[in-house]
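Enquirer: Those letters in the sequence shown? Residues 1 to 163, by the UniProt record's numbering. The C-beta atom is built at its ideal place from N, Cα and C for all residues, glycine as well. Structure below; questions to follow.
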Amino acid sequence: MSYQIPPQPVAVGPCQIDTPIRAYGLSIRWNQPATMSCQTADVLMRFESEVVEPNAIKILGNPVVTERNFGAYSCRVETGSRHRLSQHARGQAIDLAGWTLADGTRIDVEKDWTDEGPRGRFLHAVALGACRYFSVVLTPASNSWHHDHLHLDIGPDRLCSVG
């Protein structure tokens, strides 16, 4: 686990994270750092070690070495909404785009979601497993806004949209 704790809460307008961390990777190394709440980081770390890593070995025969994220904290409203703040605005969400395995294989949500082979099975197993850890899981099966990533959040709503 590699992270920094900012010296104060992250706050921009109505968007705030009271206990932020800037993580560079939790159980798995990331392509870029992401700022999120400590609670989100805790859930994400358990999800990576208990769902992503075991499924990569079981289904794909290789461990994950890098997780690609599109980011976590972002002060914005929900996609398709005019006023409701996104869970990203609270540091309670992350968007995952794919994984790279130890043998160099890249698993990409956008390209591999509909794959009927091991890549697609891995992505669906990861998304379904995410529903045990996160309150909202959105996938390419959810809507066109999520065609290239898995949205995972720990907000108050409940939705497991795996397809």
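Which partner residues does residue 161 have in the DSSP bridge list?
Expert: Answer is 138.
Enquirer: Should residue 143 go down as buried or exposed, given a rule of 16 or more other Cβ atoms within 10 Å for buried?
Expert: When all chains shown are included, residue 143 counts as exposed.
Enquirer: Where residue 39 and residue 81 are concerned, what is the direct C-alpha to C-alpha distance, given to the nearest angstrom?
Expert: Distance between the alpha carbons of residue 39 and residue 81: 25 Å.
Enquirer: Enumerate in chain order the residues of its own chain whose CB-to-CB distance from residue 109 is below 8 Å, with the five nearest sequence positions on each side excluded.
Expert: The answer, listed in chain order, is 96, 97, 98, 123, 139, 140, 148, 149 and 150.
Enquirer: From residue 63 to residue 76, what distance separates their C-alpha atoms?
Expert: Straight-line Cα distance between these residues: approximately 34 Å.
Enquirer: Which partner residues does residue 107 have in the DSSP bridge list?
Expert: According to DSSP, residue 107 bridges with 99.
Enquirer: For residue 22, which residues from the same chain have a beta carbon less than 7 Å from its beta carbon, with the 5 sequence-adjacent residues on both sides left out?
Expert: Excluding sequence neighbours, residue 22 sits near 3, 4, 6, 33 and 35.
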